[in-house]
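Undergrad: My questions all concern the structure below.
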Amino acid sequence: MGGDEFVIISKYVEKKELYSKLDNLTQSISATYKDGTIELSASIGVAHYDTGMTISELKKRADIAMYKAKAMGKNRYNFY
Numbered sequence: 057m058g059g060d061e062f063v064i065i066s067k068y069v070e071k072k073e074l075y076s077k078l079d080n081l082t083q084s085i086s087a088t089y090k091d092g093t094i095e096l097s098a099s100i101g102v103a104h105y106d107t108g109m110t111i112s113e114l115k116k117r118a119d120i121a122m123y124k125a126k127a128m129g130k131n132r133y134n135f136y
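Count along the sequence shown from 1, add 56, and you get the number used in the numbering used here.
Below, the structure is given as structure tokens:
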């Protein structure tokens, strides 16, 4: 997507599995490098595809959700 943005496309998963995947992803990304000088965090926006929706609309929804997650603090995810 951009310099610090990427997209993950997934088939439908149960809500419990989705939360587990999102938690694992934020934990994996937020790992500190060995020297301790760089710390990463993730802000994740989740959007669900509805019939007839364009890719552009889906990306826009995910982007809106991501910015809401960023406003909530580090290592968060938010749903559109």
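We put the beta carbon where it would ideally sit given N, CA and C, even for glycine.
Out of Ser76, Val69, Asp60, state which residue places its alpha-carbon closest to the alpha-carbon of Ser97.
TA: Asp60
Undergrad: Please look up how many angstroms separate the CB atoms of Tyr136 and Ala103, rounded, as I've assumed it's under 8 Å.
TA: 4 Å
Undergrad: I'd like to confirm the pairing. Which residues does DSSP put opposite Ile100 in its beta bridges?
TA: Tyr133
Undergrad: In terms of residue numbering, what span does the alpha helix (DSSP H) encompassing Thr82 cover?
TA: 71-85
Undergrad: Could you give the DSSP three-state label for Glu113: helix, strand or coil?
TA: helix
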